[in-house]
Each structure stands twice: as structure tokens, then as C-alpha cells.
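Novice: The structure that follows is given in the form of C-alpha cells.
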């Protein structure tokens, strides 16, 4: 009888284990259950394990320590004979400053405590100012020139070291190192001024606009936030089915703010002055040459079809204005998808618990790259919010099912409590990922990836492991209901994980070029490529199960979802072309007219929907700061990701051969290799601009038809 009970126990455990692999294994459980408050430890280790950052004042301590270290490294670089150690010293200098500045850059937007945010902001300004001063330090630059001008020494350097040396020299050149002392000082002053303008513009771009509530019709006031006699409008309400709500939000939220218009004018003028000061024709010339926005013809033809569909949809609603307006784009696209494919996010969400999705990524990366996730218990003070989860990797072998069952003899459910990992089969520990996934008050509503510490080979021969943060805005688990994701949330999760794995799998010698610290028009390739995996039923079928019944996600729902994404995709792509073109024009030669007049002209040329009088959409275009003449990179990256998917993974999304090639040719190098060479290595050919455009057009799939339901 005891043997029979044991066999039954093992059989039940096996069934439970198999089900848990999809949804409730240790990684899944870490994300699918509510955070359990632990007893506080005696020692506060500080944010990210940095002891100084146990309180806001610690930022000043960390900053001073970085400045002292920087002073020592500058002296070392300027006095040491030229050689590989010169580049290593430059990288150590970059690392010592970035480790403080990058951490502060994240904390200033994510920490719930205003004191931490303010301290981090001050640190960002101080470190940023020092970087600009160092970029015009003649003695420091001369040490690099001595290296690059010595052919005998250069011959002893490997290709990565030479490239990193050239990248550091490029930083000097674009900062005006070749100028006389007075002009160098002016370049530093312009860069410091730009830091303040960036902060002012980004802050202003997020602020709501207010209007007297009497101006709005009474029956739509409740759709907005009301503060006394004022209505606060902090967004476009683009998904509202009420056309009047969409129109009111668009016109009020985008109403010109005079001070912010002046800020943008000054920002663009300052950038142009800096570019011309250091010898460039314009800021765009300083940032890049060439743009995908110059070849939009094929996409424009597909866009006209999409706008025609939107117009027909709007006619059905019997609205007062039959013309498609800018505030209609997102809503009508969604309405068309719903009508054609009956896409209801609530139908999909039960199959996409966050834990199940993390397990799906776990399985995918294990098959593709030999990498899997593991959860770690954070220490006291390490996190900025209690609902953050920490993933890591360490040398380990995956336990066999037999080993799991042996452990279950004493506790059938103990595997639910075991910690899992992001582990590579042979390399061991790859790095740390902090997952700040859940919504909370005052948290920015944006999905993004932050590098906290870059990977590099330290002087003691030990590899400095990368640390990153992924920030999403997902619904938290509640009671016995896990966090349930809509299809778009799943796609965003896969996208941001793509950035994280770029950081984790890069193994560059120098942190200056680690992971996502690469060319802007390549940085989005790994993340966009992950979106293709997120839409493939073969991938989804490995983990998408109903969180209550265990029923797998029906294949026809996935097919319907994929087809719906192509509806109006040409118009969406055309909108991106408009953004890229506007970014280029703003950063080209000065036109001595308002940014709004420029917006109107570019919109008429590249978009297809009319400009709305008394609106200034450019004041909400925060990417003008981060991308600055490089917004075209989004389209370039999407084209490359499309080509990589079709050629390398479409036939088999789990191909270990292609996965290894992907890491070897693209992920491993960060910015230490020219992007075109990485793409050539992956595709085994050199793509042309026409290839890029054709890849975008293929993704549009003009012949979308409604499925038989």
C-alpha cells in the first residue's frame, strides 16, 4: 500500500510539475503571485547593492567617489605610455562615471520618493557637466592621439580595442577638441546649457493642459480629470469611442505652450550652434548621414488604402465630420480590426498570465540560446519598490525531472518555492535583470530598458556583469488572480526582454560598447525581432494556457490576432516616416520660421492627415531629446529585424543553429563592431536601402482579408 501511495504521489506530482512548467514554475510563480513582505534584514545594502545609496544623500557620496576615481584615471591616461592600457584606462574612466550617472538616470524617473528623484537629478547634471569638460580636455585627448598616431603600437591592438579607441576619439571630435581654448569653453557651455534645456523640455512635454470646464460640453466633462473649475487633460484619449472626446483631448492637450515653444526653439538653435561650432553643416550632419525617410514611396501607396478604409468606417458612425482627422487614426484602426477580426483583448488575457509569459520566454531562450531565467531574493534596501522582481544567472545545471521528484518525496509542492535563474548552459552567470513591471502611483507610463551597469572585462580578469532594469506598466496580481496581459502587453514584454538579452549576452571587452551601447539604428533590432517571436503560434503554444483551466490558446485566435495587426499598418508606418522626417528637418539647416509651420509642411508632405489649427504636436514629441536626428532608426531597425526573422527564424523559431549565429554575429558585439558588418554576418549578404524598404512593405501585407469566423 505504501508503494502504491508513493506511486500515486509521484504521478500526481509529475502532472502538477508538467502543468507548472507552462505557468507556475518558480519563475512564473515569482511574477504570478503578490509580493510577500519579508522581515527586514539588519543591514540596508542600498539601491542595486550600492552601500552609499541607502538614502538620498548617498548620491552625493557616490558622485564624489566617482569624481575622485575619474581624477586618478585621467592622470593615469595622460602619463602612461601609449598602448592597450590607454584604451582600458579610458574605459575604466567611462565606467566609473556611467555606473553613477546611469543609475541616477533611472532613479530620477522611477523612484517613488521625491527626495531620491531630486538627488538623482542633481547627480545626472553634475556627472553630465564633467563628461562635457573631459570631452574637451586637450591633455586627455593627446594621450589618445599618441596611441592612434603610433602605427607600431596600433599593430599590437586587436580590432575591438582599435575601434573603441576610435570611438573615444570621435567623442572628442564632435565636442570640439580641435578648437581653440575659447571655442572649446563655448562648446562646453553649450553642452551644459543643452542638459538644462533637455530637462525643461522633457518635463514640460509630460505636463497636462488645463481649461475652464465651462468650455467643454457638459456631457463629456466626466471623461477628463476635473480640478475645481478646471479640466485637466493629460493625454490624447485616442481610444475613446466618442469622437468629440477625442477631438477635445487632441485640441486641448496639443494646444501650444508659449514657454515650451521657446524652449524647443532654443534647444534646436543651441544644437545647431554646437554642430556648426565643431565643424558640421547641421546637427543632423553631426548625428548621421542618410535616412530611411527619404524613400517612402512604396509605403505611401499602401497608406492611401488604409486611410480609405478609415474613411469608410467613419461614415458608418454617421459623424458630423466625415473626413478622417488626426485624432481618429488610432481609434478607427482599432475599430476596423475589431470589425474584421473580432479582436477582444479580454478574450486573450486569461491565456497570458505574466508568469506564463516569463516561462514562455524561459523556454524560448533555453532552446534558442541555451539561456534561462532564475529569480533571486533581493536584500534590504536593494529595490526602489517592493513589487520589483530580480532575475539573475549563475553557474548551474538544470535539474532533471527525476531530481525534482526526489525532492518532492518530502514536499510535493516544494518546487514552487525553489528559486529559478537566467542561466547559460556553459558560461554561468550572465548578469542581473530587475523587473519593474507593475503599475503604481506616479510611475511613468512607459515601457523601457535602462542600463545600470555595463559589462566589461576588468583588469583582474573577472568579467563585470551587466545590470539592467526593465520597466513596464502591467496590472499587478490580485488575490488568486495573476497579472493578466493583453496581446499588446505581451508584445511589449517580449520587446523589452529583447533589450535585456542584448545586454546580458554581449561579452565585449569594454563597457563603452557593451550591449545596447551601440549604433542607434541597430539598438532596436534585437527588441523588434522579439516581437516576431511574440506573434508566432509555435512560440505562444509553449506557454499560453488559460490560468484557471489550463486550456491552451486556440491557434485560430493567434492567426486572427496576427492578421489584425496588419490592418492599417501602412498608415502606422507612414506616421513613423512623418516623425522621422520631422526630426530630420528640425535638425537640418535653420529655416528661421516657427517649429509649428515646419510641422504643418512636413505633415502635409509625409503623413496624409491634415494639420489641426492651434495645435503643436511637436511639444509632446519627447523623442526629439533622446533621438535627436536619429528617429529614423526605428524604421531601419524594423526593416533589419524583418529580414532576420524571415531569413533565419521563420522556418524554425527554435533553431539553435540560428540562435547561436544570432548571438555570435549580432548580440555579442554590442557597439564594438560596425552594424552593417553584424547584419552582413547574420544575413550572409549586404542589404541595400531598397532591401530595407522592401522588408517594411512585405510586413504590411496589403492583401489582408477577413477570416472565416
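Residue numbers (this note's numbering): -5 to 703.
Heads up, the beta-carbon is just placed ideally off N, CA and C, and yes, glycines get one too.
Here the structure is a predicted model, which is why all the values come from computation and not from measurement.
Under the rule that 16 or more other beta-carbon atoms within 10 Å means buried, what is residue 262, buried or exposed?
Specialist: By 1-based counting over the chain shown, the position of residue 262 is 268. Residue burial annotation: residue 262 is buried, with at least 16 other C-beta atoms found within 10 angstroms of its C-beta.
Novice: In chain order, what residues of the same chain have a beta carbon less than 6 Å from the beta carbon of residue 693, not counting five sequence neighbours either side?
Specialist: Counting from one through the chain shown, the residue named residue 693 turns up at place 699. Hits under 6 Å: 636.
Novice: Give me the residue from 154, 116, 39 with the minimum Cα distance to residue 450.
Specialist: On the chain shown, position 456 is the one that residue 450 refers to. It is 154.
Novice: Have a look at residue 433 and residue 492 and give me their C-alpha separation to the nearest angstrom.
Specialist: Translated into positions along the chain shown, residue 433 becomes position 439. Translated into positions along the chain shown, residue 492 becomes position 498. Each residue's Cα considered, the two are about 21 Å apart.
Novice: Which residue spans inside the segment 413 to 501 form an unbroken beta strand (DSSP E) run of at least 3?
Specialist: You should have 415 to 418, 426 to 432, 442 to 447, 461 to 468.
Novice: Three-state secondary structure (DSSP) at residue 330?
Specialist: For the purposes of this step, residue 330 is taken as the residue at position 336 of the chain shown. Residue 330: helix per DSSP, three-state reduction.
Novice: Look up residue 17 in the DSSP assignment and say whether it is helix, strand or coil.
Specialist: The residue given as residue 17 occupies position 23 in the chain shown. For residue 17, the pLDDT reaches just 40, beneath the cut-off of 50, and the residue's location in the model is therefore unreliable, leaving the point undetermined.
Novice: Taking DSSP as the reference, what is the three-state secondary structure of residue 684?
Specialist: Within the chain shown, numbered from 1, the residue matching residue 684 stands at position 690. It is helical.
Novice: Going by C-alpha to C-alpha distance, which of 440, 382, 437, 469 sits closest to residue 427?
Specialist: Walking along the chain shown from the start, residue 427 turns up at place 433. Here the closest residue by C-alpha is 382.
Novice: Locate the beta strand (DSSP E) running through residue 206, then write down its first and last residues.
Specialist: To locate residue 206, count along the chain shown from 1; it is residue 212. Residue 206 -> beta strand (DSSP E) spans 203 to 206.
Novice: Figure out for me which residue from 316, 311, 429, 315 has the closest Cα to the Cα of residue 369.
Specialist: Your numbering for residue 369 matches position 375 in the chain shown. With distances taken between Cα atoms, residue 369 lies closest to 429.
Novice: Note down the Cα distance separating residue 549 from residue 639, rounded to an integer number of angstroms.
Specialist: Position 555 of the chain shown holds residue 549. Position 645 of the chain shown holds residue 639. Residue 549 and residue 639: Cα-Cα distance of roughly 20 Å.
Novice: With DSSP as the reference, label residue 584 as helix, strand or coil.
Specialist: Translated into positions along the chain shown, residue 584 becomes position 590. Note: residue 584 maps to coil in three-state DSSP.
Novice: Do you know how far the Cα of residue 240 is from the Cα of residue 230?
Specialist: Locating residue 230 in the chain shown gives position 236, where the first residue counts as 1. Locating residue 240 in the chain shown gives position 246, where the first residue counts as 1. One C-alpha to the other measures close to 7 Å.
Novice: So what's residue 513 in DSSP terms, helix, strand or just coil?
Specialist: Here residue 513 corresponds to residue number 519 of the chain shown, with the count starting at 1. In the three-state reduction of the DSSP assignment, residue 513 falls in the coil class, being assigned neither a helical nor a strand state.
Novice: Below 8 Å between beta carbons: does that hold for residue 527 and residue 339?
Specialist: Residue 527 sits at position 533 when you count from the first residue of the chain shown. Residue 339 sits at position 345 when you count from the first residue of the chain shown. No; because the gap between Cβ atoms is not below 8 Å, this pair is not in contact.
Novice: With residue 337 and residue 555 assumed to form a contact (beta carbons below 8 Å), what rounded beta-carbon distance in angstroms separates them?
Specialist: By 1-based counting over the chain shown, the position of residue 337 is 343. By 1-based counting over the chain shown, the position of residue 555 is 561. So it is a contact: roughly 6 Å between Cβ atoms.
Novice: Throw me the rounded Cβ distance for the residue 509 and residue 445 pair, which I believe falls under 8 Å.
Specialist: Here the question's residue 509 lines up with position 515 in the chain shown. Here the question's residue 445 lines up with position 451 in the chain shown. The Cβ separation is near 7 Å, so the contact holds.
Novice: Note down the Cα distance separating residue 102 from residue 62, rounded to an integer number of angstroms.
Specialist: Locating residue 102 in the chain shown gives position 108, where the first residue counts as 1. Locating residue 62 in the chain shown gives position 68, where the first residue counts as 1. Computed Cα separation, rounded: 23 Å.
Novice: Which stretch, first to last residue, makes up the beta strand (DSSP E) that contains residue 147?
Specialist: Within the chain shown, residue 147 is the residue found at index 153, counting from 1. Per DSSP, residue 147 belongs to no beta strand (DSSP E); it is in the alpha helix (DSSP H), 145 to 148.
Novice: Are the beta-carbon atoms of residue 118 and residue 99 separated by less than 8 Å?
Specialist: Within the chain shown, residue 118 is the residue found at index 124, counting from 1. Within the chain shown, residue 99 is the residue found at index 105, counting from 1. Closer than 8 Å, so yes.
Novice: Give the C-beta separation of residue 562 and residue 334 to the nearest angstrom, bearing in mind that I take them to be a contact with Cβ-Cβ under 8 Å.
Specialist: One-based indexing of the chain shown puts residue 562 at position 568. One-based indexing of the chain shown puts residue 334 at position 340. Not really, about 10 Å apart at Cβ, beyond 8 Å.
Novice: Starting from the Cα of residue 593, find the closest Cα among 250, 483, 642, 447 and give me that residue.
Specialist: Within the chain shown, numbered from 1, the residue matching residue 593 stands at position 599. Looking at 250, 483, 642, 447, the one whose alpha-carbon comes closest to that of residue 593 is 250.
Novice: With respect to the alpha helix (DSSP H) encompassing residue 109, which residues constitute its N-terminal and C-terminal limits?
Specialist: By one-based count along the chain shown, residue 109 stands at place 115. Residue 109 -> alpha helix (DSSP H) spans 108 to 128.
Novice: With a threshold of 7 Å on Cβ separation, who are the neighbours of residue 163 within its own chain once the five nearest residues in sequence on each side are excluded?
Specialist: Walking along the chain shown from the start, residue 163 turns up at place 169. Closer than 7 Å at the Cβ level, and outside the excluded window around residue 163, lie 138, 142.
Novice: Counting beta carbon pairs with one atom in the segment 482 to 502 and one in the segment 457 to 468, are three or more of them shorter than 8 Å?
Specialist: yes
Novice: Kindly indicate which three-state DSSP category residue 200 falls into: helix, strand or coil?
Specialist: As a working mapping, residue 200 is identified with position 206 in the chain shown. Correct three-state label for residue 200: helix.
Novice: For the alpha helix (DSSP H) holding residue 662, just list the boundary residues, first then last.
Specialist: Taking the first residue of the chain shown as 1, we reach residue 662 at position 668. Element bounds for residue 662: n/a, residue is neither H nor E.
Novice: Evaluate residue 171 with the Cβ neighbour count: other Cβ atoms within 10 Å of its Cβ, from every protein chain shown; 16 or more gives buried, anything less gives exposed.
Specialist: Mapped onto the chain shown, residue 171 falls at position 177. Counting Cβ neighbours within 10 Å, residue 171 comes out buried, since at least 16 surround it.
Novice: Residues in the same chain with beta-carbon distance under 6 Å from residue 517, minus the five sequence neighbours each way, listed in chain order, please.
Specialist: Position 523 of the chain shown, counted from the start, is the residue given in the question as residue 517. These residues qualify, in order along the chain: 510.
Novice: What do you reckon, are the CB atoms on residue 57 and residue 127 nearer than 8 Å?
Specialist: Here residue 57 refers to the residue found at position 63 when the chain shown is read from its first residue. Here residue 127 refers to the residue found at position 133 when the chain shown is read from its first residue. No.
Novice: Between which two residues does the alpha helix (DSSP H) containing residue 159 stretch?
Specialist: To locate residue 159, count along the chain shown from 1; it is residue 165. It spans 153 to 168 - the alpha helix (DSSP H) in which residue 159 sits, taken as one unbroken run.
Novice: Near residue 419, what residues of its chain come up, given a Cβ to Cβ distance below 6 Å and the 5 sequence neighbours on each side ignored?
Specialist: Position 425 of the chain shown, counted from the first residue, corresponds to residue 419. Only 364 meet the Cβ criterion.
Novice: What did DSSP end up calling residue 401 once you bin it into helix, strand or coil?
Specialist: Here residue 401 is taken as the residue at index 407 of the chain shown, counted from 1. With a pLDDT of only 34 at residue 401, under the threshold of 50, the placement of this residue in the model should not be trusted; the figure read from the coordinates follows. Residue 401: helix per DSSP, three-state reduction.
Novice: Within the same chain, show all residues whose beta-carbon is closer than 7 Å to that of residue 699, passing over the 5 residues directly before and after it, in chain order.
Specialist: As a first step, residue 699 is located in the chain shown; it is residue number 705 there, counting from the start. Because residue 699 sits at a pLDDT of 43, beneath the cut-off of 50, its placement in the model cannot be relied upon, and the following sentence gives the value as read from the coordinates. Closer than 7 Å at the Cβ level, and outside the excluded window around residue 699, lies no residue.
Novice: Answer yes if the segment 175 to 183 comes into contact with the segment 207 to 216, meaning at least three C-beta pairs across the two stretches below 8 Å, and no otherwise.
Specialist: Touching, no.
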